[in-house]
Structures are given as structure tokens and as C-alpha cells.
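**Q** The structure follows.
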Amino acid sequence: MFWLIASTIVAAGMATAMIFVRLRAAKKPASVKKIILPPFMMSTGALMFVFPVFRVEWTQVMEAILIGVVFSIFLIRTSKFEVRDGDIYLKPSRAFVFILFGLLILRIVFKLIIGQHVSLGETSGMFFLLAFGMIMTWRMAMLKQYLHLEKKLELKKDLA
């Protein structure tokens, strides 16, 4: 029970931190580097699978990643870019806060359900994969949208 409460508090802290990071990011121009770095930084967490306690079956890997991809749809829908002063900015969305906390609540519910049948290590591994699948999909969609907008901007500059 201690680990459930502790991990929930950490997840809530991370969700809150993400909100502040997102609000701060909206004040500075976006870039390819800022979009692709988070998944690369997070990928180091995959080292957890070196330890047998965190390893999961391939079916669990696929389930976790698929759920992450489905969850990413909400983040993709709230991540829009806008052009200001010739630069591309991430447009702040009020729904982002609600979506992040909604996903946190869903994660807690899933953790309670799955935690009854799967060990703590396997659950940790599955939730890492879920988060990675969600962030990777979300960031790839953001990158595609950013590059499309950047191309439009360059065409506009060339025509001017």
C-alpha cells in the first residue's frame, strides 16, 4: 500500500511539473530540439528492464504501448502551434491541465486493477512503457505539425 501511495504522489508531482513546463514553453519559440529531446531523455528509463523484476511479457509490452498511444490522442488534440512575430510557438491550452490530471486518475485506477494481478516491478515496467508510448506518439505528432508549419513559414518568406 505504501508503494501505491508513494508512486501516486510522485505521478501527481510529475503531472503538476508538466503543467508548469508546458506553460513556460509557451513563452518561448518551439524548436525541433525541444520537441524531440523529451522522449530521448525518457528512453534512459528503459534501463530498468536490465533488472529481471521489471521485465514484462511481450503481450504486456504491446498492451502498455497501445494504451499509451491511445492516451496520446488527448495530448495531440491539445497541442497546437501558432506563428507569432515570425516564430513558431506552442499555443497554451486550458484543456491540457484537465487532460493531464484525467490521465493521472486513469493511471491510478489502472494501477489499482492491474496491481492486484501483476507484481510491483512488472506494473512499474508496464507504466513506463505506457508513458513512453504516449510521449513518443505525442511528440512525433508535434514534430510533424511543427515541420509542416515551419515549411509554410519558409514558403511565405520566399514569396515575400
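Going letter by letter, the sequence shown gives residues 9 to 168 in this note's numbering.
Ideal Cβ placement from N, Cα and C applies to all residues, glycine included.
Can you give the Cα-Cα distance for ALA149 and ILE84, rounded to whole angstroms?
**A** Sequence index remark: in the sequence shown, residue 149 carries index 141 (1-based). Sequence index remark: in the sequence shown, residue 84 carries index 76 (1-based). Going by the C-alpha atoms only, they are around 7 Å apart.
**Q** In terms of residues, what are the limits of the alpha helix (DSSP H) holding ARG147?
**A** Locating residue 147 in the sequence shown gives position 139, counting from the first residue. First-last of the alpha helix (DSSP H) with ARG147: 128-167.
**Q** Between the C-alpha atoms of THR131 and LEU137, what's the straight-line distance to the nearest angstrom?
**A** For the purposes of this step, residue 131 is taken as residue 123 along the sequence shown, with counting starting at 1. For the purposes of this step, residue 137 is taken as residue 129 along the sequence shown, with counting starting at 1. Distance between the alpha carbons of THR131 and LEU137 is about 10 Å.
**Q** Mark ARG115 as exposed unless 16 or more other C-beta atoms lie within 10 angstroms of its C-beta, in which case mark it buried.
**A** As a first step, residue 115 is located in the sequence shown; it is residue number 107 there, counting from the start. Answer is buried; the Cβ neighbour count reaches 16.
**Q** Out of LEU167, THR145, LYS160 and SER127, state which residue places its alpha-carbon closest to the alpha-carbon of VAL61.
**A** Against the sequence shown, residue 61 aligns to sequence position 53. Minimum Cα distance to VAL61 is reached at SER127.
**Q** Starting from GLU71, follow the alpha helix (DSSP H) in both directions and report where the run begins and ends.
**A** Counting from 1 along the sequence shown, the entry for residue 71 is found at position 63. Here the alpha helix (DSSP H) through GLU71 covers 66-86.
**Q** Below 7 Å CB to CB, which residues in the same chain sit around ILE107 once its five sequence neighbours on both sides are set aside?
**A** Position 99 of the sequence shown holds residue 107. The residues are PHE82, LEU83 and THR86.
**Q** For PHE89, which of helix, strand or coil comes out of DSSP?
**A** Indexing the sequence shown from 1 puts residue 89 at position 81. Strand, per DSSP.
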